[in-house]
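Student: Numbering (the UniProt record's numbering), first residue to last: 1 to 282.
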Amino acid sequence: MFNETDLATLLVLLSALMHAAWNAVIKSGSDRLSSMALVDGVAFCLSLALLPLVSPPPLVVWGLIGLSVVVNTLYRLLLIRAYHYGDFGQVYPVVRGLPPLLVALAAGLVFGERLSGAMLLGIVLISLGILSLLSTRLETNALKALGCAALAGVGVALYTLIDAQGVRRADGVLQFVVYLTLMQSMTTPVIAWMRRGPLVLRFARENWRIGLFGGFNYCVAYGLVLYAMTLDAVAKVAALRESSVIIAAIIASLVFKEPFGLRRILAACVVTAGILLIKMVD
């Protein structure tokens, strides 16, 4: 019988597809910072359009939104820097591989979640499968890319915990998503303008179609995840979301012509095994 946990799983897997898609937009752009600013600009406009439909959040939620914005801005800057040094298939797995383990460790303290041994094993399998994609190259740029990606992964875990707390205290998922996106999407365009000046506007005019695609996917993808966190355990949702790495590897192979070798096939199998194990003990 289809229940809330099944719905949560379906929403998270759909979110994973959309998340990999908007990250591919960032990677495909000739200027990563301007690409991120364009995606954020579209997200800002979408959230602004929805603002009349929701009431202002409680004071405690404002505090969580502010904290999330700070952490998320740092994460995005680290992500841009990581993509500057490394390729899509190298950076994205690291950024998404660390958070499931970190969130699983912290969720017990923050939310009082108690995960079974089998579910923990499933989460570990997902993370190990993702981290197995780590490049063994030791070039200077590769090490810089991995360092930035690892720090970005810590940022993902932090804002996941903050946002899960916020959406549970808000007066509805839409309220939190709209106000969080509105506040969060202001920072990168401002930073891009300070660094690039009028070139940002030229970039937006030339790439507005991918901006619309990326911004829409960004907004909806995270909204789905936050809704899923109100239906199921945060640690489980955070782990299932990282199936986006497998989708990202396929995108990297098809779009960016990066090799999809034996390592990625094995990683996909391990991640899939982790997802199935989590669902079997659900």
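The C-beta atom is built at its ideal place from N, Cα and C for all residues, glycine as well. None of the values given here were measured: they were computed from a predicted structure.
#1: According to the neighbour-count rule (16 or more other Cβ atoms, all chains shown, within 10 Å of its Cβ), is residue 283 buried or exposed?
#2: Considering residue 288, what are the terminal residues of the alpha helix (DSSP H) in which it resides?
#3: Going by DSSP, what residue range makes up the alpha helix (DSSP H) through V255?
#4: Label F176 either buried or exposed according to how many other C-beta atoms from any shown protein chain fall within 10 Å of its C-beta, with 16 as the threshold for buried.
#5: V39 and T228 - do their beta-carbons sit closer together than 8 Å?
#6: Within the continuous alpha helix (DSSP H) that includes L115, where are the two ends?
#7: Applying the 10 Å Cβ sphere with the 16-neighbour rule, what's the burial state of S34?
#8: Quick check: what's the CA-CA separation for G86 versus A142?
#9: Starting from the C-beta of I26, find all residues in its chain whose C-beta is less than 8 Å away, skip the five residues before and the five after it, and write them out in chain order.
#10: Which runs of the alpha helix (DSSP H), 4 residues or longer, sit entirely within the UniProt domain "EamA" (8 to 133)?
#11: So what's E242 in DSSP terms, helix, strand or just coil?
#12: According to DSSP, is D232 helix, strand or coil?
#13: Kindly indicate the opening and closing residues of the alpha helix (DSSP H) around A204.
#14: Indicate whether the contact test is met: 3 or more Cβ pairs, each with one atom in the region 87 to 106 and one in the region 228 to 240, closer than 8 Å.
#15: Check D163 in the structure and name its three-state DSSP category.
#16: What do you reckon, are the CB atoms on S243 and A43 nearer than 8 Å?
#17: So, for R76: in the same chain, excluding its five sequence neighbours on each side, which residues have a beta-carbon less than 7 Å away from its beta-carbon?
#18: Mapping DSSP to helix, strand and coil, what is N3?
#19: Return yes when the Cβ of I65 is within less than 8 Å of the Cβ of M194, no when it is not.
#20: Ordered along the chain, which non-local residues of its own chain (more than five positions away) have a Cβ less than 6 Å from that of V234?
#21: Under three-state DSSP, which class holds G215?
#22: Which residue marks the beginning of the alpha helix (DSSP H) containing A273, and which one marks its end?
#23: What do you reckon, are the CB atoms on V94 and A150 nearer than 8 Å?
#24: Quick check on A170: does DSSP put it in helix, strand or coil?
#25: Does the Cβ-Cβ distance between V54 and V220 come in under 8 Å?
#26: Do you know how far the Cα of P259 is from the Cα of residue 295?
#27: Can you tell which of C45, G63 and R96 has its C-alpha closest to the C-alpha of I247?
#28: Compare the C-alpha of S15 against each of S116, N217, A267 and R169 and name the closest.
#29: Taking K144 as the reference, give the member of V91, V173, P198 and G274 with the closest Cα.
Tutor: Considering the structure as presented:
#1: There is no way to answer for residue 283, as the model of the chain reaches only from 1 to 282.
#2: Because the chain in this structure spans residues 1 to 282, residue 288 falls outside the shown range and cannot be described.
#3: Taking the sequence shown and counting its residues from 1, the one referred to as residue 255 is at position 255. Run containing V255: none; DSSP gives neither H nor E here.
#4: Residue numbering aside, residue 176 sits at position 176 when the sequence shown is read from its first letter. Its Cβ being crowded by 16 or more others within 10 Å, F176 is buried.
#5: Counting from 1 along the sequence shown, the entry for residue 228 is found at position 228. Counting from 1 along the sequence shown, the entry for residue 39 is found at position 39. Note that residue 228 is Ala in the sequence shown here, rather than Thr. For A228 and V39, no; Cβs fall outside 8 Å.
#6: Here residue 115 refers to the residue found at position 115 when the sequence shown is read from its first residue. Note, L115: premise wrong, no alpha helix (DSSP H); not H, not E.
#7: Here residue 34 corresponds to residue number 34 of the sequence shown, with the count starting at 1. It is buried - the Cβ of S34 has at least 16 other Cβ atoms within 10 Å.
#8: Sequence index remark: in the sequence shown, residue 86 carries index 86 (1-based). Sequence index remark: in the sequence shown, residue 142 carries index 142 (1-based). The straight-line gap from Cα to Cα measures roughly 6 Å.
#9: To locate residue 26, count along the sequence shown from 1; it is residue 26. Only R32, S35, M36, V39, L79, I80, Y83 and G214 meet the Cβ criterion.
#10: 32 to 50, 59 to 85, 88 to 111 and 117 to 131
#11: If you number the sequence shown from 1, residue 242 lands on position 242. Coil, per DSSP.
#12: Taking the sequence shown and counting its residues from 1, the one referred to as residue 232 is at position 232. Here D232 sits in coil by DSSP.
#13: Here the question's residue 204 lines up with position 204 in the sequence shown. Per DSSP, A204 is one residue of the alpha helix (DSSP H) stretching across L199 to E206.
#14: yes
#15: Stepping through the sequence shown from its first residue, residue 163 is reached at position 163. Looking at D163 - three-state DSSP - the assignment turns out to be helix.
#16: The count along the sequence shown starts at 1 and reaches residue 243 at position 243. The count along the sequence shown starts at 1 and reaches residue 43 at position 43. In this structure, A43 does not lie closer than 8 Å to S243 by Cβ.
#17: Position 76 of the sequence shown, counted from the first residue, corresponds to residue 76. Cβ neighbours of R76 beyond the five flanking positions: M36 and T188.
#18: Taking the first residue of the sequence shown as 1, we reach residue 3 at position 3. Looking at N3 - three-state DSSP - the assignment turns out to be coil, as it is neither helix nor strand.
#19: Against the sequence shown, residue 194 aligns to sequence position 194. Against the sequence shown, residue 65 aligns to sequence position 65. No, the Cβ-Cβ distance between M194 and I65 is not below 8 Å.
#20: Counted from its first residue, the sequence shown places residue 234 at position 234. Counting only Cβ-Cβ distances below 6 Å, and skipping sequence neighbours, we find A107, F111 and A164.
#21: By 1-based counting over the sequence shown, the position of residue 215 is 215. Three-state DSSP puts G215 in a helix.
#22: For this step, residue 273 is matched to residue 273 along the sequence shown. Where A273 is concerned, the enclosing alpha helix (DSSP H) stretches over L262 to M280.
#23: Residue 94 sits at position 94 when you count from the first residue of the sequence shown. Residue 150 sits at position 150 when you count from the first residue of the sequence shown. In contact: V94 and A150 (Cβ atoms closer than 8 Å).
#24: Position 170 of the sequence shown, counting from 1, holds the residue named residue 170. Looking at A170 - three-state DSSP - the assignment turns out to be coil, as it is neither helix nor strand.
#25: Taking the first residue of the sequence shown as 1, we reach residue 54 at position 54. Taking the first residue of the sequence shown as 1, we reach residue 220 at position 220. No; because the gap between Cβ atoms is not below 8 Å, this pair is not in contact.
#26: Here the chain has residues from 1 to 282 only, and residue 295 is not among them.
#27: As a working note, residue 247 is residue 247 in the sequence shown. Closest by alpha carbon: R96.
#28: The sequence position of residue 15 within the sequence shown is 15, counting from 1. The residue with the shortest Cα to Cα distance from S15 is N217.
#29: Taking the sequence shown and counting its residues from 1, one reaches residue 144 at position 144. If we check each option's Cα against that of K144, V91 comes out closest.
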